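Trainee: Chains as they are written, first to last, in our numbering: chain B, 4 to 257; chain G, 21 to 288. Yeah, the Cβ is synthetic: ideal placement off N, Cα and C, and Gly gets one too. Quick caveat, the model's predicted, so the values are computed rather than measured. So that we are looking at the same thing, I have put the structure below in structure tokens.
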Amino acid sequence: MSDKILFDNTTYEEPILAIRNLSKHFGSTEVLKDISFEVKKGECTVIIGPSGSGKSTLLRCLNLLETPTGGNIIFKGNNTLDKKADINCLREKVSMVFQSFDLFNNMDVLANCVIGQTKVLKRNKEEAIRIATENLRKVGMGERLHFKISQISGGQKQRVAIARSLSMSPDIILFDEPTSALDPEMIQEVLEVMRSVAKTGMTMVVVTHEMSFAHDVATNVIFMDKGLIVDQGTPNHIFNESTNERLLKFISKE
Amino acid sequence: MNVMLASVGEDIGYILQKSEYLYWLGQGLAGTIVISIIGTLGGLILGVFLAFGKRTKINSNLPWYQKLWRYPIKWLCNIYSVIIRGTPMMVQALIFQYGCFSLLGINWVTILSSVPVFNGSFIAGCIIIVLNTTAYMGEIILSGLNGIGRDQIEGAKSLGMNDFQTLIHVSLPQALRNSIPTIGNEWIVNIKDSSVLNVIAVTELYFQGQTIAGNSYRYMAIYLIIAACYLVLTLGTTGLLKLITMKMDGKKLNLNFFHFRKNTEKGA
Numbered sequence: 004m005s006d007k008i009l010f011d012n013t014t015y016e017e018p019i020l021a022i023r024n025l026s027k028h029f030g031s032t033e034v035l036k037d038i039s040f041e042v043k044k045g046e047c048t049v050i051i052g053p054s055g056s057g058k059s060t061l062l063r064c065l066n067l068l069e070t071p072t073g074g075n076i077i078f079k080g081n082n083t084l085d086k087k088a089d090i091n092c093l094r095e096k097v098s099m100v101f102q103s104f105d106l107f108n109n110m111d112v113l114a115n116c117v118i119g120q121t122k123v124l125k126r127n128k129e130e131a132i133r134i135a136t137e138n139l140r141k142v143g144m145g146e147r148l149h150f151k152i153s154q155i156s157g158g159q160k161q162r163v164a165i166a167r168s169l170s171m172s173p174d175i176i177l178f179d180e181p182t183s184a185l186d187p188e189m190i191q192e193v194l195e196v197m198r199s200v201a202k203t204g205m206t207m208v209v210v211t212h213e214m215s216f217a218h219d220v221a222t223n224v225i226f227m228d229k230g231l232i233v234d235q236g237t238p239n240h241i242f243n244e245s246t247n248e249r250l251l252k253f254i255s256k257e
Numbered sequence: 021m022n023v024m025l026a027s028v029g030e031d032i033g034y035i036l037q038k039s040e041y042l043y044w045l046g047q048g049l050a051g052t053i054v055i056s057i058i059g060t061l062g063g064l065i066l067g068v069f070l071a072f073g074k075r076t077k078i079n080s081n082l083p084w085y086q087k088l089w090r091y092p093i094k095w096l097c098n099i100y101s102v103i104i105r106g107t108p109m110m111v112q113a114l115i116f117q118y119g120c121f122s123l124l125g126i127n128w129v130t131i132l133s134s135v136p137v138f139n140g141s142f143i144a145g146c147i148i149i150v151l152n153t154t155a156y157m158g159e160i161i162l163s164g165l166n167g168i169g170r171d172q173i174e175g176a177k178s179l180g181m182n183d184f185q186t187l188i189h190v191s192l193p194q195a196l197r198n199s200i201p202t203i204g205n206e207w208i209v210n211i212k213d214s215s216v217l218n219v220i221a222v223t224e225l226y227f228q229g230q231t232i233a234g235n236s237y238r239y240m241a242i243y244l245i246i247a248a249c250y251l252v253l254t255l256g257t258t259g260l261l262k263l264i265t266m267k268m269d270g271k272k273l274n275l276n277f278f279h280f281r282k283n284t285e286k287g288a
């Protein structure tokens, strides 16, 4: 089937990712209601909100780990919910970092970063290893290329997971509460890596409870509650100017 | 009592001194070891496919041509596993032997009949033990695959791997690793259960034991000897499997089988 949408077009109109009227329900429970926002290339969008507000579900809809029940997601000018869209091609360009790391336990650190490149992107092995090593150095794991996943700490695992995502040379990286399973020291080391990734101009969509990260790094902050976008804007708008009661209550408790 | 024990002792000594009997025992040992290894490895390989077949995903959204092959495959695999696991291997062996003879005209006994141990009956025995083990291995691999965490699958999906790549590179290696104790157990079961294949004249340890018993009339002694042989084989296999597991976990091989290990912390 040659008419599949592979999302490999190099020219497209901004925004790179546009979410239009997205909705999702599990059975009769509505998790997302009419979500719309845009992400431009190089931007770092941070989604904050109380637990159960649908942040993670929204993020998982973006690379179709969950299938939305309504609305559209336009990525590089193509609708990802189109029947002709190749989901695997979408996922290699919209990479994801998980709360539970999701590294492959049967491989060492380097192999975790190589497997996707060789099997999905069909890069040759030498090139894949070079790219993986480079990215692992960037996240400070260059010394532990051949450690087993069970031998490294949570913070290190998350940094490897970020390197694994970077190695796929994606257009967007989604971060699903990357620091929620970590202790305060490890949170800082992971946030440091995320900051440096943001500085390189990588397009990021981050779900997090780290307000400092949202405040310092985000170009756009989205506040969600009960499946709705309550308020969105620059960090300055969200943290200083907003008069939304729900948002003020949430921020004061953090 | 003492007299009896002494006489059994004498009988064991008598059998172990006769080079003819030792040769027969050696043949039996070779037969049992080879047939158990072939049965376990062959069953493992086919069992992986059986597990794949049993895991075939079926939902109502599939196009009709997908359903056309998915339904029969799933059903065939399920029926196979129910029938094989629900009947004794001894009966399966007899049905196989007589079925081959009356339906296909193959008489396994006459094939390679001049070759010691590895003759036609032995080949028939191998086929039976492989087919039998496949059903059990299928279940083992299936439960291994079901035990793989959702995080592993999602991690693979998020990189854009398709279902097949996820299975081959992520799920299956971990399922196999986690199943090694159970697979090893299956090997031990095969060492012992291959003894029922004497009904189709496979030259294995029990069959040779019977031969020696019939020849020497020293029943108690020879059955004690082959019991000891089975015990040595199963203990050896257990040890070997332990070494393999340790090697796969990246631990250093230490030949201390009784776990008195010094508390040396592994480097961080």
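What does DSSP give as the partner residue(s) for B/N81 in the beta ladder?
Mentor: Position 78 of the first sequence, counting from 1, holds the residue named residue 81 of chain B. The partner list for B/N81 (beta bridge, DSSP) reads B/F78.
Trainee: Based on Cα-Cα distance, which residue from B/S26, B/E46, B/S59 and B/K43 lies nearest to B/K37?
Mentor: Translated into positions along the first sequence, residue 37 of chain B becomes position 34. In the sequence under discussion, the amino acid at residue 37 of chain B is Asp, which differs from the Lys named in the question. B/D37 has its Cα closest to that of B/S26, out of B/S26, B/E46, B/S59 and B/K43.
Trainee: Which first and last residues belong to the beta strand (DSSP E) in which B/Q191 is found?
Mentor: Working through the first sequence from its first residue, we reach residue 191 of chain B at position 188. Looking at the DSSP string, B/Q191 is not in any beta strand (DSSP E); the run it does join, the alpha helix (DSSP H), is P187 to K202.
Trainee: Measuring CB atoms only, is the region 59 to 75 of chain B touching the region 137 to 150 of chain B, in the sense that at least three cross pairs come out at less than 8 Å?
Mentor: Judged by Cβ distances under 8 Å, the region 59 to 75 of chain B makes no contact with the region 137 to 150 of chain B, as fewer than three pairs qualify.
Trainee: Do the region 27 to 38 of chain G and the region 86 to 97 of chain B meet, that is, are 3 or more Cβ pairs less than 8 Å apart?
Mentor: Cβ pair count under 8 Å is below three, so no.
Trainee: Select from G/A144, G/I173 and G/Q37 the residue whose C-alpha is nearest the C-alpha of G/Q4.
Mentor: In this structure chain G extends from 21 to 288, so residue 4 of chain G is not present and cannot be described.
Trainee: Starting from G/R197, find everything on chain B with Cβ-Cβ shorter than 8 Å and list it in chain order.
Mentor: Locating residue 197 of chain G in the second sequence gives position 177, where the first residue counts as 1. Within chain B, the residues near G/R197 are N109.
Trainee: Compile a chain-ordered list of the residues in the region 177 to 188 of chain G whose CB is closer than 7 Å to at least one CB of chain B.
Mentor: Answer set for the region 177 to 188 of chain G: K177, S178, L179, G180, M181, N182 and Q185.
Trainee: Who are the Cβ neighbours of B/E183 in its own chain at under 7 Å, not counting the five residues just before and after it?
Mentor: Position 180 of the first sequence, counting from 1, holds the residue named residue 183 of chain B. Going by the sequence as given, residue 183 of chain B is Ser instead of Glu. Counting only Cβ-Cβ distances below 7 Å, and skipping sequence neighbours, we find Q102 and H212.
Trainee: Is the beta carbon of G/T76 sitting closer than 9 Å to the one on G/P136?
Mentor: Within the second sequence, numbered from 1, the residue matching residue 76 of chain G stands at position 56. Within the second sequence, numbered from 1, the residue matching residue 136 of chain G stands at position 116. No, these two residues do not count as a Cβ contact at 9 Å.
Trainee: Taking 9 Å as the threshold (C-beta atoms), are B/I51 and B/L61 in contact?
Mentor: As a first step, residue 61 of chain B is located in the first sequence; it is residue number 58 there, counting from the start. As a first step, residue 51 of chain B is located in the first sequence; it is residue number 48 there, counting from the start. It is not a contact, given that the beta carbons lie outside the stated cut-off.
Trainee: Please state whether DSSP places B/E17 in a helix, a strand or coil.
Mentor: Working through the first sequence from its first residue, we reach residue 17 of chain B at position 14. In this structure, B/E17 counts as coil in the three-state DSSP scheme.
Trainee: Need the endpoints of the alpha helix (DSSP H) that G/N235 sits in, please.
Mentor: On the second sequence, position 215 is the one that residue 235 of chain G refers to. Taken as a continuous stretch (DSSP letters only), the alpha helix (DSSP H) holding G/N235 covers L225 to S236.
Trainee: Give the DSSP-derived three-state secondary structure of B/G157 in the structure shown.
Mentor: Here residue 157 of chain B refers to the residue found at position 154 of the first sequence. Three-state result, B/G157: helix.
Trainee: According to the Cβ coordinates, are G/L314 and G/C249 closer than 9 Å?
Mentor: Look at the range of chain G in this structure, 21 to 288, and you will see that residue 314 of chain G is not part of it.
Trainee: What would DSSP say about B/S26, mapped onto helix, strand or coil?
Mentor: The count along the first sequence starts at 1 and reaches residue 26 of chain B at position 23. The answer is strand: DSSP assigns B/S26 an E or B state.
Trainee: Per DSSP, what kind of secondary structure is G/I58 in: helix, strand or coil?
Mentor: What you label residue 58 of chain G is simply residue 38 of the second sequence in a count that begins at 1. In this structure, G/I58 counts as helix in the three-state DSSP scheme.
Trainee: Where do the ends of the beta strand (DSSP E) carrying B/T48 lie?
Mentor: As a working mapping, residue 48 of chain B is identified with position 45 in the first sequence. From DSSP, the beta strand (DSSP E) with B/T48 extends over C47 to I51.
Trainee: Measuring CA to CA, which of G/N22, G/A233, G/I149 and G/M181 is closest to G/F116?
Mentor: Position 96 of the second sequence, counting from 1, holds the residue named residue 116 of chain G. Of the listed residues, the one whose Cα sits closest to G/F116 is G/I149.
Trainee: Consult DSSP for G/V137 and reduce its assignment to one of helix, strand or coil.
Mentor: Looking up residue 137 of chain G in the second sequence gives position 117. G/V137: coil per DSSP, three-state reduction.
Trainee: Please give the ranges of any beta strand (DSSP E) in the region 93 to 145 of chain B, keeping only runs that are unbroken, at least 3 residues long and fully inside the region.
Mentor: DSSP runs (the beta strand (DSSP E)) wholly in the region 93 to 145 of chain B: 97 to 100.
Trainee: Excluding the 5 residues preceding and the 5 following G/G62 in the sequence, name in chain order all residues of the same chain whose CB lies nearer than 6 Å to its CB.
Mentor: Reading the second sequence from its first residue, position 42 is the one you call residue 62 of chain G. Once the five neighbours on either side are set aside, the close Cβ partners of G/G62 are V150.
Trainee: Name, please, each residue of chain B whose Cβ falls closer than 8 Å to the Cβ of G/D171.
Mentor: Taking the first residue of the second sequence as position 1, residue 171 of chain G is located at position 151. By Cβ distance, chain B contributes F101, S103, F104 and D105.
Trainee: Hey, quick one: how far does the beta strand (DSSP E) through G/G204 stretch, first residue to last?
Mentor: For this step, residue 204 of chain G is matched to residue 184 along the second sequence. Element bounds for G/G204: not the beta strand (DSSP E) but the alpha helix (DSSP H), L192 to D213.
Trainee: Verify the CB distance criterion: does B/L250 have a CB-CB separation below 9 Å to chain G?
Mentor: Taking the first residue of the first sequence as 1, we reach residue 250 of chain B at position 247. It does not; no Cβ of chain G falls within 9 Å.
Trainee: In chain G, which residues lie with their C-beta within 9 Å of the C-beta of B/M197?
Mentor: As a first step, residue 197 of chain B must be located in the first sequence, where it is residue number 194. Neighbours of B/M197 on chain G: none; closest Cβ ~17 Å, over 9 Å.
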